[in-house]
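Worksheet: the structure to be examined is printed underneath.
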Amino acid sequence: MDVRSVPRKIAYGVIGALLFALLFLATFQDRRENVGTSQAEIVVLGDSIFGLIRDETSTPALLQALTGKTVYNAALGGTSAARRSSDSRMDCPKDSFTLAGLAKAIQAGDFGVQHAATIRESNTECYPEVIDGLETVDFSRVETVIILQGINDYHAGIPIDNPEDPYDEYTFLGALRSSLDSLKKTNPDLRVIWLTPTYTWYTAAGQTCEEADQGGGRLADYVEAQLQAAQEMDVEMIDVYHDFYPHNNWEDWKLYTFDGIHPNEEGRKMLARRIAEAL
Numbered sequence: 005m006d007v008r009s010v011p012r013k014i015a016y017g018v019i020g021a022l023l024f025a026l027l028f029l030a031t032f033q034d035r036r037e038n039v040g041t042s043q044a045e046i047v048v049l050g051d052s053i054f055g056l057i058r059d060e061t062s063t064p065a066l067l068q069a070l071t072g073k074t075v076y077n078a079a080l081g082g083t084s085a086a087r088r089s090s091d092s093r094m095d096c097p098k099d100s101f102t103l104a105g106l107a108k109a110i111q112a113g114d115f116g117v118q119h120a121a122t123i124r125e126s127n128t129e130c131y132p133e134v135i136d137g138l139e140t141v142d143f144s145r146v147e148t149v150i151i152l153q154g155i156n157d158y159h160a161g162i163p164i165d166n167p168e169d170p171y172d173e174y175t176f177l178g179a180l181r182s183s184l185d186s187l188k189k190t191n192p193d194l195r196v197i198w199l200t201p202t203y204t205w206y207t208a209a210g211q212t213c214e215e216a217d218q219g220g221g222r223l224a225d226y227v228e229a230q231l232q233a234a235q236e237m238d239v240e241m242i243d244v245y246h247d248f249y250p251h252n253n254w255e256d257w258k259l260y261t262f263d264g265i266h267p268n269e270e271g272r273k274m275l276a277r278r279i280a281e282a283l
């Protein structure tokens, strides 16, 4: 190798790196400037109970019709409140779409982690579009955030709480507390309302949520812990577990759900009415 060419190659490398950095910064700035803002008076965060159906019969759309408030549906099916990858911690892409992950992004005003994440699972096709829309929401003007999470925390057997760290985002209550903290730091005047998970039936297994324990307890254990935490933290609660879906008989799952978990059109109407009454 001609040693005289080494300084020239180094110079070319430095120039190339600088040009790449400038191009990246210009592109990033253009994207930030082109994002713009949108006005949403209510933002809904949650899982597939809100997010699976996204048309005019969805619960958020019905809530908008009932209240006359602009509602943005940022619920993502399959997500939990808590982060799940306790071994790899922040290395799991889907963790950025949990309630804990989204609340951190909202507080920072930076959804770069969500944009960079690649999720290859069914029913996640709407994720990029939802994040694009969420990025435009001006949270300084949002009046209310409604959060319905817990069913997937229960399904995954996520621990309910960590007595040594109340804000542990790898627990159900820790994620709820941490998310509340992030949202309040974003907008101190924000009204935050938690909903409990709804009663569920597991038709293939012939069990209800009163019988099935996925490793962290039964669903009622998560609900009772959430109700107690809400009282301790002075958070508004809407209880849609107790005295909401009739469940005296096994066949009652057909009344307000289409699979034992997700609300059918009548169930979505009932959820929207209950939330509208609270508002």
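Numbered per this note's numbering, the sequence shown spans residues 5 to 283.
Backbone N, C-alpha and C define an ideal beta-carbon position, used for all residues, glycine too.
Just so it is clear, the structure is predicted and the values come from calculations on it, not from any experiment.
For this session: Could you check what DSSP says for residue 196 in three-state terms: helix, strand or coil?
Result: strand
Problem set entry | Three-state secondary structure (DSSP) of residue 279 | helix
For this session: Ignore the nearest five residues each way along the sequence and tell me which others in residue 292's own chain have a CB closer than 7 Å to its CB.
Result: Within the shown structure, residues of the chain are numbered from 5 to 283, placing residue 292 beyond reach of any answer.
Exercise. Out of curiosity, what's the CA-to-CA distance linking residue 100 and residue 231?
Worked result: 25 Å
For this session: Go ahead and label residue 77 buried or exposed: buried means 16 or more other beta carbons lie within 10 angstroms of its beta carbon, across all protein chains shown.
Result: buried
Problem set entry | Segment limits, beta strand (DSSP E) that includes residue 148 | 148–152
Exercise. Considering residue 75, what are the terminal residues of the beta strand (DSSP E) in which it resides?
Worked result: 75–77
Exercise. So what's residue 47 in DSSP terms, helix, strand or just coil?
Worked result: strand
Problem set entry | Identity of the residue in 237, 268, 274, 255 nearest residue 247 by Cα | 274
Exercise. What do you get for residue 257, buried or exposed, if any count of 16 or more other CB atoms within 10 angstroms of its CB means buried?
Worked result: buried
Exercise. Is it buried or exposed for residue 116, if we count other Cβ within 10 angstroms and need 16 for buried?
Worked result: exposed
For this session: Output yes or no for whether 8 Å exceeds the beta carbon distance between residue 157 and residue 84.
Result: yes
Problem set entry | residue 261 - DSSP class collapsed to helix/strand/coil | strand
Exercise. Whole-angstrom Cβ separation of residue 141 and residue 47, contact assumed at under 8 Å?
Worked result: 6 Å
Problem set entry | Where residue 242 falls: helix, strand or coil (DSSP) | strand
Exercise. Just the Cα atoms here: how many angstroms apart are residue 189 and residue 227?
Worked result: 26 Å
Problem set entry | Proximity below 8 Å, CB of residue 186 to CB of residue 118 | no
Exercise. Taking C-alpha atoms, which residue in 107, 64, 201 lies nearest to residue 191?
Worked result: 107
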